Amino acid sequence: MQTVVNLWPLIGVLVIVVGFVLRFNPLLVVTAAAIATGVAADFSLEKILAAMGHGFMETRALQLILLLPLAVIGLLERHGLRLHAQNWIARFERATVGRLLIIYLFVRETTAAMGLTSLGGHPQMVRPLLAPMAEGAAEKRYGALPQALRHKVLAMCAATDNVGLFFGEDIFVAFGAIALMHTFLLGSGIDVEPLHIAFWGIPTAICAFIIHAIRLHRFDRMLSRKLASTDRHASPVETAA
Amino acid sequence: MIISIEYLYWLAGVLLLITAGMILFDRSHPKRWSSGLFWLLFATVFLIGERLPTVAVGAGVVLMALIAGLGGVGRGAHAELHVKAARASAGRLGHKLFIPALAIPLTTVIGSVLLKHYEIGGVPLLDPKNTTFVSLGMGCLIALALACWLTRDTPLQALRESRRLTEALGWTMVLPQMLAMLGLLFNDAGVGNAVAHVVTTYINLDFRLVAVMVYVLGMALFTVIMGNGFAAFPVMTGGVGVPVLVGVYDANPAVMAAIGMFSGYCGTLMTPMAANFNIVPAALLELPDKNAVIKAQLPTALMMLLVNIVLLYLLM
Numbered sequence: 237m238q239t240v241v242n243l244w245p246l247i248g249v250l251v252i253v254v255g256f257v258l259r260f261n262p263l264l265v266v267t268a269a270a271i272a273t274g275v276a277a278d279f280s281l282e283k284i285l286a287a288m289g290h291g292f293m294e295t296r297a298l299q300l301i302l303l304l305p306l307a308v309i310g311l312l313e314r315h316g317l318r319l320h321a322q323n324w325i326a327r328f329e330r331a332t333v334g335r336l337l338i339i340y341l342f343v344r345e346t347t348a349a350m351g352l353t354s355l356g357g358h359p360q361m362v363r364p365l366l367a368p369m370a371e372g373a374a375e376k377r378y379g380a381l382p383q384a385l386r387h388k389v390l391a392m393c394a395a396t397d398n399v400g401l402f403f404g405e406d407i408f409v410a411f412g413a414i415a416l417m418h419t420f421l422l423g424s425g426i427d428v429e430p431l432h433i434a435f436w437g438i439p440t441a442i443c444a445f446i447i448h449a450i451r452l453h454r455f456d457r458m459l460s461r462k463l464a465s466t467d468r469h470a471s472p473v474e475t476a477a
Numbered sequence: 003m004i005i006s007i008e009y010l011y012w013l014a015g016v017l018l019l020i021t022a023g024m025i026l027f028d029r030s031h032p033k034r035w036s037s038g039l040f041w042l043l044f045a046t047v048f049l050i051g052e053r054l055p056t057v058a059v060g061a062g063v064v065l066m067a068l069i070a071g072l073g074g075v076g077r078g079a080h081a082e083l084h085v086k087a088a089r090a091s092a093g094r095l096g097h098k099l100f101i102p103a104l105a106i107p108l109t110t111v112i113g114s115v116l117l118k119h120y121e122i123g124g125v126p127l128l129d130p131k132n133t134t135f136v137s138l139g140m141g142c143l144i145a146l147a148l149a150c151w152l153t154r155d156t157p158l159q160a161l162r163e164s165r166r167l168t169e170a171l172g173w174t175m176v177l178p179q180m181l182a183m184l185g186l187l188f189n190d191a192g193v194g195n196a197v198a199h200v201v202t203t204y205i206n207l208d209f210r211l212v213a214v215m216v217y218v219l220g221m222a223l224f225t226v227i228m229g230n231g232f233a234a235f236p237v238m239t240g241g242v243g244v245p246v247l248v249g250v251y252d253a254n255p256a257v258m259a260a261i262g263m264f265s266g267y268c269g270t271l272m273t274p275m276a277a278n279f280n281i282v283p284a285a286l287l288e289l290p291d292k293n294a295v296i297k298a299q300l301p302t303a304l305m306m307l308l309v310n311i312v313l314l315y316l317l318m
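For the protein sequence lines, the chains are A and B, in the order given.
With positions in the first sequence counted from 1, the corresponding number in the working numbering is that position plus 236.
With positions in the second sequence counted from 1, the corresponding number in the working numbering is that position plus 2.
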């Protein structure tokens, strides 16, 4: 670490942090950070634009996951998909938001661990199916939800999909991240079996399931506490104990 | 290959072009021209981006950011099916509505697992480097055909719905790609080296626990900044993991790598920079707080960081 390291490119990180904290439009913040980083690294304006254009082209595939399912999902929603998902889950007597999400977490994490990462996802699974089901389960128990709590339920659906995916996919031996770790370590002169890297991810993956499942269980309790107490407040005969 | 990812880029480009066209012809749209231009620029990247000089694409990206930053991307009105009609339709179709929705993930899995190495006359059926994306694209087309057939609605209506959801997402849709672009630029400019330098120069790594914490928290912090654990891994593992944990404390490299990458994932759960996992879902679920998903994940992520420190310390 005796070589001189140029610390100026860190200015891009600063731009990002300040921009996000001050709540400027993120696209503007990212563009400003890209330009600031490029200037700090002594790139010419042309090189900065070229690097941005090249990077944007390289990462186009990300967009497909989001853009392509929209037509189908939109059409099904128009014909009542979300309504049906809500009504269907409401038929299960014991369904709660927490239980539904714990089951989803388990399925998402185990299937991701078998390499089936595309079984879930936000545009194709969370918005059209999981979120309306969670909402349906909550409404069946407590009636219409106050907006703030409804938003919390929806955010928890998205969060559960992410947690299940992240801590599952990395223990699948043929996953890209394992290959990346293996290649990098090989480059540093360390030869490790990819299978061993995948194996040593299992303790963390199990802990992640337990921790998030406990949080989901407590989420149920939070819902019933808050919604039961609003019921009491609504009732005119209630007196303070 | 027979089905290349190029076709999907064209398909995406056409979808965006139609969205742009619908907006430009929509006289009642509040931000008709600026919104139309925004989506038109985005469509151009997919349709002819390959043939444009990268400088021109970069300039287009800056222009898109300016339009979005100045509030130029608006949302048009959309004629929804009447609630009664939707309810009747849900009652009539019932579980059949799930079929096209589930066809997308199922086709993706079947394509990426079973058809991965399928060849016709020595030519791979699916783009070998992008099997998942290509399978997803085919899944969407199959699901669309099923959905049109089941609901007896038209592909034109599906395009209107695609426009509705695209406009509902708005500029958020472009954010993941912008951030991935920034990550590549950070790498080019040496941001990683600078961070590793700061971490290793100013923190005393003479204690085993401190070294473990620096590696775990460094992976998370660096991922928070870059939005991606894959970018953090080479930097932190090259800077701290291999020389200190393996070199000095004789750690098992498989344990270090596995737990290190998971620590990076904890960072992913906490950062708006990982827009496709955190910001886009908030937009998809139409949550007013763009950080609502991050807030829901934060306790899990922090507890998992603690777990990772303990596990790495004990297992390495």
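Beta carbons: idealized from backbone N, C-alpha and C, even for Gly.
Being a predicted model, the structure only gives us computed values, none of them experimental.
Residue-level contact to chain A via CB, residue i, 7 Å cutoff
i      : result
L184/B : yes
R166/B : yes
N293/B : no
G192/B : yes
Y217/B : no
G220/B : no
A61/B  : yes
W41/B  : no
I106/B : yes
M263/B : yes
M180/B : yes
L187/B : yes
DSSP-derived helix/strand/coil call for residue i
i      : result
P32/B  : coil
I426/A : coil
V125/B : strand
I5/B   : strand
G293/B : Residue 293/B is actually Asn in this sequence, not Gly. Coil at N293/B, not helix or strand.
K118/B : coil
P368/A : helix
L359/A : The residue you asked about is not Leu; residue 359/A is Pro in the sequence shown. Residue state, collapsed to three classes: helix.
A444/A : helix
H315/A : coil
A182/B : helix
I407/A : coil
D397/A : helix
F188/B : helix
T346/A : helix
Nearest candidate by alpha-carbon position, reference residue i, set the options
i      : options                        : result
L303/A : A277/A, P430/A, G357/A         : G357/A
I309/A : G262/B, T153/B, M306/B         : T153/B
T440/A : E169/B, V309/B, F209/B         : V309/B
M228/B : W244/A, L264/A, F260/A, A270/A : A270/A
A105/B : A367/A, I338/A, M361/A         : M361/A
A449/A : Y340/A, H387/A, W436/A         : Y340/A
A276/A : L158/B, V193/B, G74/B          : V193/B
G182/A : R210/B, R162/B, G262/B         : Lying outside 237 to 477, the shown extent of chain A, residue 182/A is not represented and no answer is given.
M369/A : I414/A, L355/A, F402/A, R335/A : R335/A
Q299/A : L317/B, A234/B, W173/B         : W173/B
Contact with chain B by residue i, beta-carbon distance below 7 Å
i      : result
E474/A : Only weak support is given to the placement of E474/A: the predicted model assigns it a pLDDT of 38, under 50, and the question is left unresolved by the model.
A477/A : Here A477/A scores only 38 on pLDDT, less than 50, and its place in the model should not be relied on; the value that follows carries that caveat. No, A477/A does not count as interfacial toward chain B.
A335/A : It should be pointed out that residue 335/A corresponds to Arg in this sequence rather than to Ala. Output row for R335/A: interface = no.
Q238/A : Annotation note: pLDDT 45 at Q238/A (below 50); position unreliable, coordinate value reported separately. No, Q238/A does not count as interfacial toward chain B.
R314/A : yes
F424/A : Looking at the sequence itself, residue 424/A is Ser, so the reference to Phe does not match. Yes - at least one Cβ of chain B is within 7 Å of the one on S424/A.
D456/A : no
F256/A : yes
L341/A : no
E282/A : yes
G310/A : yes
H559/A : Given a span of 237 to 477 for chain A in the structure shown, any question on residue 559/A remains unanswerable.
Note down, in chain order, all residues in the stretch 290-306 of chain A with a beta-carbon under 9 Å from any beta-carbon belonging to chain B.
For the stretch 290-306 of chain A, which is checked against every Cβ of chain B, the residues closer than 9 Å are H290, G291, F292, M293, E294, T295, R296, A297, L298, Q299, L300, I301, L302, L303, L304, P305, L306.
Go through the stretch 54-85 of chain B residue by residue and report every complete run of the alpha helix (DSSP H) that reaches 4 residues or more, in order.
Segments of the alpha helix (DSSP H) lying fully in the stretch 54-85 of chain B: 56-71.
Members of the stretch 369-382 of chain A that neighbour chain B once the beta carbon cut-off is set at 8 Å
Taking 8 Å as the Cβ-Cβ cut-off against chain B, none of the residues of the stretch 369-382 of chain A qualify.
Can you list, in chain order, the residues of the stretch 5-25 of chain B whose Cβ is nearer than 9 Å to any Cβ on chain A?
Here the close residues are I7, L10, Y11, L13, A14, L17, L18.
Whole alpha helix (DSSP H) elements within the stretch 230-313 of chain B, 4-residue minimum
The DSSP assignment places 231-238, 255-272, 277-286 as complete runs of the alpha helix (DSSP H) inside the stretch 230-313 of chain B, in order along the chain (cut-off: 4 residues).
Quick one: which residues of the stretch 354-369 of chain A get their C-beta closer than 9 Å to a C-beta of chain B? List them in chain order.
For the stretch 354-369 of chain A, the set of positions with a beta-carbon nearer than 9 Å to some beta-carbon of chain B reads S354, L355, G356, G357, H358, P359, Q360, M361, V362, R363, P364, L365, A367 in chain order.
Please specify which runs of the alpha helix (DSSP H), each continuous and at least 4 residues long, are wholly inside the stretch 195-228 of chain B, giving them in chain order.
You should have 210-228.
Chain A contacts from the stretch 27-58 of chain B (Cβ-Cβ distance under 9 Å):
If the cut-off is 9 Å between Cβ atoms, the stretch 27-58 of chain B has F44, V47, F48, G51, E52, L54, P55, T56, V57, A58 near chain A.
Contacting positions in the stretch 267-281 of chain B - beta carbon closer than 8 Å to chain A:
Taking 8 Å as the cut-off between beta carbons, the residues of the stretch 267-281 of chain B near chain A are Y267, T270, L271, P274, M275, A277, N278, F279, N280, I281, in sequence order.
What residues from the stretch 287-313 of chain B come within 8 Å of chain A, judged by C-beta to C-beta, listed N to C?
Contact annotation: in the stretch 287-313 of chain B, residues whose CB is within less than 8 Å of a CB in chain A are L287, L289, P290, D291, A294, V295, K297, A298, Q299, P301, T302, M305, M306, V309, N310, L313.
Using a Cβ-Cβ cut-off of less than 8 Å, list which residues of the stretch 193-208 of chain B approach chain A; keep chain order.
If the cut-off is 8 Å between Cβ atoms, the stretch 193-208 of chain B has V193, N195, A196, V197, H199, V200, T202, T203 near chain A.
Using a Cβ-Cβ cutoff of 8 Å, what residues of the stretch 237-250 of chain B are near chain A? List them in chain order.
If the cut-off is 8 Å between Cβ atoms, the stretch 237-250 of chain B has T239, G240, V244, V248 near chain A.
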